[in-house]
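Encoded as structure tokens, the structure appears first; notes follow it.
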Amino acid sequence: MSEITVSDILIYPIKGAQGVSVKSAEFTTEGLVGDRVFTITRDGKRMAQGKIPALKYLRVTRCKQGLELNYPGERAFLLAVDSSSPGEPLMSITRTIATLDMGDAVASWLSRCLQATVRLVKALGPEPLPISLAEFKLIDGLKQSKFVDIAPVLLTNEASLLDLNTRLSEPVLMNRFRPNLVVSGLQPYQEDQIRHLVFPSMRLEAMVACERCKVTTFSQETDVASKEPLRTLSRYRRRENDYAGGVMFGTYLASPGNGAISVGDQVILADSAEYSLE
214 MSEITVSDIL IYPIKGAQGV SVKSAEFTTE GLVGDRVFTI TRDGKRMAQG KIPALKYLRV
274 TRCKQGLELN YPGERAFLLA VDSSSPGEPL MSITRTIATL DMGDAVASWL SRCLQATVRL
334 VKALGPEPLP ISLAEFKLID GLKQSKFVDI APVLLTNEAS LLDLNTRLSE PVLMNRFRPN
394 LVVSGLQPYQ EDQIRHLVFP SMRLEAMVAC ERCKVTTFSQ ETDVASKEPL RTLSRYRRRE
454 NDYAGGVMFG TYLASPGNGA ISVGDQVILA DSAEYSLE
């Protein structure tokens, strides 16, 4: 078997916006530090690319002042992360999340960029994440202070994408699937069978395959509409299970403790959670 390594790490500071590729990331039981801390709302409801596709062009990076927001054709907006006031509670799939509103200035800038009247809010948390299904027992009741719907970490496999692209007339990029961790060295779809992933300074626990939605059909670089890759995936990656029946690509992971992962780290697959890090 080839050596399994981490080939990319991505953080999404604003849920639904572009991911930021980083060389190293810190993890807690809530997932990656800095991931999905903010979200866009409209009329008090959380928005994602399915509702506002233009979110895919919004790029967020950290800077000394806080966050730098960039959008094509607009001047960058510098957001001080402490420029907030109490916001309205926001409904998520699994719970109600207390929020901080980040102010009128950034709301006006985002509304102009996205051509929609929106606000930017930050998760206040932490609050329990109730998921009673057996597949998610590792995170049921976990206190979460981010806009995480289900699992805190999503892993994808380079070999699975290569296999998918052999079936498509036009290949797609990994950013369609919005992973946090990308690994190389696995066989195609071997991520379906993994249980425990051991990194040099921490471990992650696999839970269940990720069911994909229509956002995977949105090119992250253009406005060209397509039914792919979801249509092709549905022909050979559809399955039914207790939490959702649908098209699967990638695997949800849980972080049982704190640690750090870096690009280039070797990954060991273990059958037991008792595998030593030594």
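Here this note's numbering runs 213 ahead of the position in the sequence shown, where the first position is 1.
Even for Gly, the Cβ is constructed at its ideal location relative to N, Cα and C.
Practice task
Would you decide whether K359 is buried or exposed? Buried here means 16 or more other CB atoms lie within 10 Å of its CB.
Solution key: buried
Practice task
Express the C-alpha separation of R450 and G463 in angstroms, rounding to a whole number.
Solution key: 11 Å
Handout entry: C-beta contact flag for S220 and E371 at 8 Å
Key = yes
Problem - V428 versus I224, Y284 and Q231, residue with shortest Cα-Cα distance - result: Q231
Practice task
Report the rounded CA-to-CA distance for S468 versus I352, giving the unit in angstroms.
Solution key: 9 Å
Handout entry: C-alpha distance - D405 paired with R255, whole-angstrom precision
Key = 36 Å
Practice task
Can you tell me which of the three DSSP states S433 falls into?
Solution key: Going by the sequence as given, residue 433 is Gln instead of Ser. Of the three classes helix, strand and coil, the one that applies to Q433 here is coil, per DSSP.
Handout entry: Whole-angstrom distance between G354 and I344, CA atom to CA atom
Key = 7 Å
Practice task
Name the two residues that bound the continuous alpha helix (DSSP H) containing N378.
Solution key: E371 to T379
Problem - Cut-off 8 Å between Cβ atoms - residues of its own chain near D478, not counting five sequence neighbours on either side - result: T218, V219, F412 and P413
Exercise for the section: Take the Cβ of C423 as the centre, count every other Cβ of all protein chains shown within 10 Å, and call the residue buried at 16 or more, exposed below. Expected result: buried
Handout entry: Limits of the unbroken alpha helix (DSSP H) element including A563
Key = As displayed, the chain neither begins before 214 nor continues past 491, which places residue 563 out of reach and without an answer.
Problem - Chain-order list of residues whose beta-carbon lies under 8 Å from that of G263 (same chain, five-residue window excluded) - result: C426, K427 and V428
Handout entry: Rounded separation between A238 and Y465 - CA only
Key = 17 Å
Problem - Nonlocal neighbours in the same chain, by C-beta distance under 6 Å from K228, ignoring five residues either side - result: R249, T252 and F360
Problem - As assigned by DSSP and simplified to three states, the class of D484 - result: coil
Problem - Backbone secondary structure at Y465 - three-state DSSP - result: strand
Exercise for the section: Determine the burial state of C326: buried for a count of at least 16 other Cβ atoms within 10 Å of its Cβ, exposed for fewer. Expected result: buried
Handout entry: Minimum length 4: unbroken alpha helix (DSSP H) runs contained in the region 260–292
Key = none
Exercise for the section: Could you check the C-alpha separation between K236 and I363 for me, to the nearest Å? Expected result: 25 Å
Handout entry: the region 376–391 touching the region 270–286, judged by at least three CB pairs closer than 8 Å
Key = no
Practice task
Please report how far the alpha carbon of I306 lies from the alpha carbon of K269, in whole angstroms.
Solution key: Confidence in I306 is poor, its pLDDT being 49 and thus under 50, which makes the residue's placement unreliable; the coordinate value appears in the next sentence. Straight-line Cα distance between these residues: approximately 21 Å.
Problem - First through last residue of the beta strand (DSSP E) which encompasses L313 - result: T312 to D314
Exercise for the section: With R249 as the anchor, note down where its beta strand (DSSP E) starts and where it stops. Expected result: Segment: none, R249 is in no beta strand (DSSP E) and carries neither H nor E.
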